[in-house]
Amino acid sequence: MLLKNIQEWTLLLVIFGFTAILGNWAGYDVMPLEAIPGMIVLILICLAGFILHKLIPIDFPSVAYIAIIGVIVSMPWMPGSEQVVAWTSKIELLALATPILAYAGISIGRSWTDFMKLGWKTIVIASLVLLGSFIGSALIAEIVLRFQGII
Amino acid sequence: MSNEMLFGLWKDWRLHALVLITVVITEAIGTFSFTIGPGVVMLLPMLYALIIGLALYFTPLVKEKQSKNAEPIIVLGVSLLLAKIGVIIGPDLPEIIAAGPALLLQELGNLGTILIALPVAVWLGLKRESIGMTHSVAREPNVGLIMDKFGINSPEGRGVMAVYIFGTVFGAVFMGLIAGFLATLTPLDPLSFAMASGIGSGSMMAAASGSLVASFPEIENQIVAFAGASNLLSLSTGLYVSIFIALPLTEKLYKKMTKSDEDKKAA
Chain A
1 MLLKNIQEWT
11 LLLVIFGFTA
21 ILGNWAGYDV
31 MPLEAIPGMI
41 VLILICLAGF
51 ILHKLIPIDF
61 PSVAYIAIIG
71 VIVSMPWMPG
81 SEQVVAWTSK
91 IELLALATPI
101 LAYAGISIGR
111 SWTDFMKLGW
121 KTIVIASLVL
131 LGSFIGSALI
141 AEIVLRFQGI
151 I
Chain B
1 MSNEMLFGLW
11 KDWRLHALVL
21 ITVVITEAIG
31 TFSFTIGPGV
41 VMLLPMLYAL
51 IIGLALYFTP
61 LVKEKQSKNA
71 EPIIVLGVSL
81 LLAKIGVIIG
91 PDLPEIIAAG
101 PALLLQELGN
111 LGTILIALPV
121 AVWLGLKRES
131 IGMTHSVARE
141 PNVGLIMDKF
151 GINSPEGRGV
161 MAVYIFGTVF
171 GAVFMGLIAG
181 FLATLTPLDP
191 LSFAMASGIG
201 SGSMMAAASG
211 SLVASFPEIE
221 NQIVAFAGAS
231 NLLSLSTGLY
241 VSIFIALPLT
251 EKLYKKMTKS
261 DEDKKAA
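Residue numbers (the working numbering), protein chains in the order written: chain A, 1 to 151; chain B, 1 to 267.
Here you go:
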């Protein structure tokens with residue numbers, strides 16, 4: 001079962017990665033051949049995270065494993081981390097975000113009717129919710145970072 | 001992630017081809033920016049990708065099946081995004097540890113949503129919906145909490161779902177638009193806004209930090225590292241901030257605000 005899972009994950013990650021690499025080329029002028037090693041590293045990190053999530057029987061999200069593995073393999077104290085960073089730096093963050101939002105657009109089409117029912121009051125308040133959280137966090141960060149002398 | 005949902009999704013070539021074409025076109029168009037007063041608004045390719053994807057849903061090219069299949073693939077895409085954020089955080093880890101106090105404390109800034117949005121919600125005449133709407137940024141853990149406490153058909157449940165839907169449909173676009181704009185408009189440091197970008201949603205974080213990077217390309221890695229670290233913290237602490245601080249505080253303030261209304265009416 002795990003092997004079957006790994007096969008499905010890998011196929012989908014490769015398809016997603018292929019799209020991202022072409023977007024990376026069209027948008028940020030990185031030749032696909034240069035971007036392939038970095039994409040392989042990212043896919044391997046994801047697979048490692050998914051497998052850990054399956055094997056370890058505690059309720060810890062797979063995305064958290066993935067982020068932590070990503071941090072560990074690229075920490076300055078980690079042997080080989082320079083190579084990992086050099087390869088993955090060929091993949092732009094935004095080149096990964098664009099396909100996510102393309103899939104998201106196709107997916108949320110189904111909730112569009114729900115969205116249209118929300119009404120203007122909801123839209124005003126939901127905007128203020130995001131704005132309030134963003135400004136609140138930025139203000140606190142600014143105060144603490146200044147206090148620490150980092151900025 | 002329930003893996004059974006994934007089986008055979010790679011075979012949906014129509015879906016993948018549509019996404020591929022959308023991505024190449026939108027990336028080739030590239031980023032546009034325009035100024036409103038002293039601030040700069042960034043239009044990123046991901047914004048066009050969302051709009052084209054949404055438009056495609058209403059064409060015969062996308063069937064119900066493609067739309068359903070797209071959903072679990074978003075999770076895989078977010079996984080790749082988080083792997084990338086991980087390898088951006090790694091090299092900057094010493095710096096992030098140094099900024100640890102700021103990172104931890106700014107999580108409490110998410111309470112800003114209560115202070116700004118709750119009074120307006122009450123003022124607009126919303127009842128207990130406003131508690132669900134404004135206690136948090138309404139991502140999955142917060143929706144779960146409200147459902148657990150009040151149920152899906154309660155006013156609070158409707159409120160949190162409304163903000164959740166707005167966030168899902170427009171959150172990334174909205175954050176992408178305001179992040180670069182506020183960072184160029186206000187005297188606050190872009191790194192403060194980078195930390196604020198991590199509100200517990202991968203796509204909103206990517207949009208917000210992406211528009212910050214477009215405005216301040218010279219500190220790209222620092223911005224993404226701080227935003228990514230803050231997002232991880234939000235994902236892991238957000239629920240507890242909601243349970244122990246945000247939700248009780250929202251309920252208390254709501255009671256206070258509506259009580260003074262009633263007093264006025266009574267007088």
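For each residue, glycine too, the CB sits at the ideal point set by N, CA and C.
Just so it is clear, the structure is predicted and the values come from calculations on it, not from any experiment.
For B/T22, which of helix, strand or coil comes out of DSSP?
Position 22 of the second sequence, counted from the start, is the residue given in the question as residue 22 of chain B. Helix at B/T22.
### Task
Give the secondary structure of A/V71 by DSSP, where H, G and I count as helix, E and B as strand, and everything else as coil.
Counting from 1 along the first sequence, the entry for residue 71 of chain A is found at position 71. Note: A/V71 maps to helix in three-state DSSP.
- Item | Secondary structure, alpha helix (DSSP H): runs of 4+ residues fully inside the region 129-210 of chain B | 129-134, 140-150, 155-166, 172-185, 190-197
Q) Are there three or more Cβ pairs, one per stretch, closer than 8 Å when the region 135-144 of chain B is compared with the region 240-249 of chain B? A) yes
| B/A28 versus A/V30: straight-line alpha-carbon distance, rounded | Reading the second sequence from its first residue, position 28 is the one you call residue 28 of chain B. Reading the first sequence from its first residue, position 30 is the one you call residue 30 of chain A. Taking the straight line joining both Cα atoms gives about 12 Å.
Tell me whether the beta-carbon of B/F181 lies closer than 8 Å to the beta-carbon of B/G39. Translated into positions along the second sequence, residue 181 of chain B becomes position 181. Translated into positions along the second sequence, residue 39 of chain B becomes position 39. Contact: yes.
Chain-order list of residues whose beta-carbon lies under 7 Å from that of B/G200 (same chain, five-residue window excluded)
Position 200 of the second sequence holds residue 200 of chain B. Correct list, in chain order: V137, R139, N231, S234, L235, G238.
Taking only the alpha-carbon atoms, compute the straight-line gap between A/G132 and B/I114 and give it to the nearest angstrom.
In the first sequence, residue 132 of chain A corresponds to position 132, counting from 1. In the second sequence, residue 114 of chain B corresponds to position 114, counting from 1. Rounded to whole angstroms, A/G132 to B/I114 spans 7 Å at the Cα level.
Among A/P76, A/G27, A/I43, whose alpha-carbon lies nearest the alpha-carbon of A/I6? Here residue 6 of chain A is taken as the residue at index 6 of the first sequence, counted from 1. Looking at the Cα atoms, A/I43 is the closest of the given residues.
Beta-carbon spacing of A/L93, B/A206 below 8 Å: Counting from 1 along the first sequence, the entry for residue 93 of chain A is found at position 93. Counting from 1 along the second sequence, the entry for residue 206 of chain B is found at position 206. In contact: A/L93 and B/A206 (Cβ atoms closer than 8 Å).
| task | Could you name the residues of chain A that B/N110 contacts, counting a contact when the two beta carbons are closer than 8 Å? | result | For the purposes of this step, residue 110 of chain B is identified with residue 110 of the second sequence, where counting begins at 1. Ordered by position in chain A, the residues that pass the 8 Å Cβ test against B/N110 are S133, G136, S137.
When burial is assigned at 16 or more other CB atoms within 10 Å of the CB, is A/I58 buried or exposed?
Position 58 of the first sequence, counted from the first residue, corresponds to residue 58 of chain A. Answer is exposed; the Cβ neighbour count stays below 16.
Check: Sorted by chain position, which residues of the same chain lie with C-beta nearer than 6 Å to B/L185's C-beta, five sequence neighbours on each side aside?
Finding: Within the second sequence, numbered from 1, the residue matching residue 185 of chain B stands at position 185. For B/L185, where only same-chain residues beyond five positions count, the Cβ hits under 6 Å are P38, G39.
Under 8 Å, CB to CB, which of the residues in the region 111-130 of chain A have a partner in chain B? S111, W112, D114, F115, L118, K121, T122, I123, V124, I125, A126, S127, L128, V129, L130
**Asked** Which residue from B/G86, B/K11, B/E129 puts its Cα closest to that of B/E156?
**Response** For the purposes of this step, residue 156 of chain B is taken as residue 156 along the second sequence, with counting starting at 1. For the residues B/G86, B/K11, B/E129, the minimum Cα distance to B/E156 belongs to B/E129.
Which one or two residues does DSSP pair with B/G39 in a beta bridge? Against the second sequence, residue 39 of chain B aligns to sequence position 39. Per DSSP, B/I36.
**Prompt:** Is the Cβ-Cβ distance between B/I73 and A/F16 less than 8 Å?
**Reply:** Counting from 1 along the second sequence, the entry for residue 73 of chain B is found at position 73. Counting from 1 along the first sequence, the entry for residue 16 of chain A is found at position 16. It is a contact, given that the beta carbons lie within the stated cut-off.
| message | Suppose you measure from the CA of A/K121 to the CA of A/S89; what does that come to, to the nearest Å? | response | Translated into the one-based positions of the first sequence, residue 121 of chain A becomes position 121. Translated into the one-based positions of the first sequence, residue 89 of chain A becomes position 89. Looking at the two C-alpha atoms, the distance is approximately 43 Å.
> Taking Cβ positions, are B/I165 and A/S107 nearer each other than 8 Å?
Replying inline: For the purposes of this step, residue 165 of chain B is taken as residue 165 along the second sequence, with counting starting at 1. For the purposes of this step, residue 107 of chain A is taken as residue 107 along the first sequence, with counting starting at 1. It is not a contact, given that the beta carbons lie outside the stated cut-off.
Check: Does DSSP put A/L118 in a helix, in a strand, or in coil?
Finding: For this step, residue 118 of chain A is matched to residue 118 along the first sequence. Coil at A/L118, not helix or strand.
- Query: Does any C-beta atom of chain A lie closer than 8 Å to the C-beta of B/G144?
  - Reply: Stepping through the second sequence from its first residue, residue 144 of chain B is reached at position 144. So no, B/G144 is outside the interface.
Quiz item: Would you report the Cα separation of B/G86 and B/K259, rounded to the nearest angstrom?
Solution: As a working mapping, residue 86 of chain B is identified with position 86 in the second sequence. As a working mapping, residue 259 of chain B is identified with position 259 in the second sequence. C-alpha separation (whole angstroms): 47 Å.
Q) Is the shortest distance between the beta-carbon of A/V84 and the beta-carbons of chain B less than 8 Å? A) In the first sequence, counting from the first residue as 1, residue 84 of chain A sits at position 84. Closer than 8 Å: yes.
Rounded separation between B/G53 and B/F174 - CA only: In the second sequence, the residue the question calls residue 53 of chain B occupies position 53. In the second sequence, the residue the question calls residue 174 of chain B occupies position 174. Cα-Cα distance, rounded: 17 Å.
Query - 6 Å Cβ shell around A/W87 - same chain, five flanking residues per side excluded - result: Position 87 of the first sequence, counting from 1, holds the residue named residue 87 of chain A. Answer for A/W87: P37, G38, V41, listed in chain order.
Review point. Hey, B/A183 and B/F193 are a contact pair by Cβ (cut 8 Å); roughly how many whole angstroms apart?
Key: By 1-based counting over the second sequence, the position of residue 183 of chain B is 183. By 1-based counting over the second sequence, the position of residue 193 of chain B is 193. About 5 Å separates the two Cβ atoms, so the contact holds.
Check your understanding: Given that A/I150 touches chain B, what residues does it touch there, using C-beta distances under 8 Å?
Key -> Walking along the first sequence from the start, residue 150 of chain A turns up at place 150. Residues of chain B passing the Cβ test: A98, A99, A102, L191.
What does the alpha-carbon distance come out to for the pair B/K68 and A/I123? Counting from one through the second sequence, the residue named residue 68 of chain B turns up at place 68. Counting from one through the first sequence, the residue named residue 123 of chain A turns up at place 123. If I take the Cα positions, the gap works out to 25 Å.
How big is the Cα-Cα spacing for A/A26 and B/V24?
Start at 1 with the first residue of the first sequence, and residue 26 of chain A comes out as number 26. Start at 1 with the first residue of the second sequence, and residue 24 of chain B comes out as number 24. So the two alpha carbons sit approximately 6 Å from each other.
| request: Check B/K273 in the structure and name its three-state DSSP category. | output: Chain B is shown only over 1 to 267; residue 273 of chain B falls outside these bounds and no answer can be derived.
Tell me the DSSP secondary structure of B/P45 in three-state form.
Taking the second sequence and counting its residues from 1, the one referred to as residue 45 of chain B is at position 45. Three-state result, B/P45: helix.
Quiz item: In terms of alpha-carbon separation, which member of B/A98, B/W123, B/D148 lies closest to A/G149?
Solution: Counting from 1 along the first sequence, the entry for residue 149 of chain A is found at position 149. Among B/A98, B/W123, B/D148, the Cα nearest to that of A/G149 is on B/A98.
- Query: To the nearest whole angstrom, what separates the beta carbons of B/G202 and B/L82, a pair I think is in contact under 8 Å?
  - Reply: Taking the first residue of the second sequence as position 1, residue 202 of chain B is located at position 202. Taking the first residue of the second sequence as position 1, residue 82 of chain B is located at position 82. About 6 Å separates the two Cβ atoms, so the contact holds.
Item to check | Beta-carbon proximity list for A/S62, same chain, < 7 Å, skipping 5 on both sides | outcome: Counting from 1 along the first sequence, the entry for residue 62 of chain A is found at position 62. For A/S62, where only same-chain residues beyond five positions count, the Cβ hits under 7 Å are G49, F50, H53.
- [ ] Determine the chain A residues that contact B/E27 at a beta-carbon separation under 9 Å, and present them in chain order.
- [x] Taking the second sequence and counting its residues from 1, one reaches residue 27 of chain B at position 27. Near B/E27 (Cβ distances below 9 Å), the residues of chain A are L22, G23, N24, W25, A26, G27, Y28, L94, A95, T98.
Starting from the C-beta of B/T22, find all residues in its chain whose C-beta is less than 7 Å away, skip the five residues before and the five after it, and write them out in chain order.
-> Along the second sequence, read from residue 1 onward, the residue named residue 22 of chain B stands at position 22. Cβ within range, chain order: A49, I52, G53.
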